[in-house]
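A quick write-up on the structure given underneath.
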Amino acid sequence: MPELPEVETTVRAIRPLMLGKCIRAVVIRSASLRWPLPRKLVRILPGQRIQGIERRAKYLLLQLETGTLIMHLGMSGSIRVVRSTTVPGPHDHFELLAKGGLSLRLRDPRRFGCVLWTQSPVADHPLLAGLGPEPLGPQFDGWYLFRVARRRRAPIKNLLMDGRIVAGIGNIYASEALHLSGIHPRRAAGRISLPRYERLADSVRQVLARAIEAGGTTFRDFVSADGAAGRFRFALHAYGRGNEPCRQCGHVIRKIIMGQRATYYCPGCQR
DNA sequence: CAAAGGTCCTGCTCGC
DNA sequence: TGCGAGCAGGACCTTT
4 MPELPEVETT VRAIRPLMLG KCIRAVVIRS ASLRWPLPRK LVRILPGQRI
54 QGIERRAKYL LLQLETGTLI MHLGMSGSIR VVRSTTVPGP HDHFELLAKG
104 GLSLRLRDPR RFGCVLWTQS PVADHPLLAG LGPEPLGPQF DGWYLFRVAR
154 RRRAPIKNLL MDGRIVAGIG NIYASEALHL SGIHPRRAAG RISLPRYERL
204 ADSVRQVLAR AIEAGGTTFR DFVSADGAAG RFRFALHAYG RGNEPCRQCG
254 HVIRKIIMGQ RATYYCPGCQ R
């Protein structure tokens, strides 16, 4: 699904089209997402202007006049901006119709995503309050990782994917960052040196930044707001490359399962 | 039938 | 022994 770069790609695509637009109507075609989609949005949102479009972790935040719409794409979600007259697909659950003829549509076949509404400061919302720093922000660096990893026996990959530690790194980019920094995904987080954590933090930032430049990674469902697939798939070094040679050292990339999640690494250059 | 990119929640384990 | 943090696994759902 959409990890941080895919949500960022979506935000950047939506922003120039929808920022400042006034909402004309709201359509809920299916309210049964991860949590019930609040029906009152149909009543509350029309007449409100979209004042901000931001991302926090993998959450997409639409700042309106009286509150914030919190959206998550789950495993299979995507958001498109289309002409309001476009015929909706079977999994287009939620739609914001703007004045001027454009619509923002949420499509989510697996329905692991959500649309929530809060009138409080959005950072205080229970889903966001416990999140760790943004990996592309100033608080995230090698020292931070080293410090929070002390005495932890869980594998480093699990730590990277824990949103309370660092926000928004998903399964693909955890594998990629570990490959780039030469760290084995199963290595206990508490047994990695500070210099290696510096390198890992750099790798995380580099992989995410490059993926954003490429418009994200598309494996099956993800498309940006204009319907385009992400191109970072072709730049992946580990994820999805089981039995293929490492681009770095030539060893065969291995696929293992960690916590029921596919994990790819190179036995040659990752220790 | 297995697997798919997320993450919340529950209950267990381990170390202090 | 008891407590809490950390950790593993299940749950959610549809499509290929």
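In this note's numbering, the protein residues as written are 4 to 274. Glycine is no exception: its CB is placed at the ideal position from the N, C-alpha and C atoms. Only a predicted model underlies this, so the values are computations on that prediction, with no experimental measurement involved.
Item                                                                                            : Value
Pair within 7 Å by beta-carbon distance, residue 21 and residue 73                              : no
Nearest neighbour of residue 198, chosen from 131, 144, 78 and 14 [CA to CA]                    : 144
Bounding residues of the alpha helix (DSSP H) (the contiguous stretch that carries residue 205) : 197 to 216
Within 7 Å, strictly: CB atoms of residue 206 and residue 170                                   : no
Euclidean distance between Cα positions of residue 133 and residue 253                          : 41 Å
Same chain, Cβ closer than 8 Å to residue 86, neighbours up to 5 away in sequence not counted   : 104, 105 and 106
Where residue 255 falls: helix, strand or coil (DSSP)                                           : strand
Nearest candidate by alpha-carbon position, reference residue 40, set 31, 8, 71 and 47          : 31
Where residue 95 falls: helix, strand or coil (DSSP)                                            : strand
Residue burial classification, residue 43 (beta-carbon count within 10 angstroms, cutoff 16)    : exposed
Beta carbon of residue 187 nearer than 7 Å to that of residue 263                               : no
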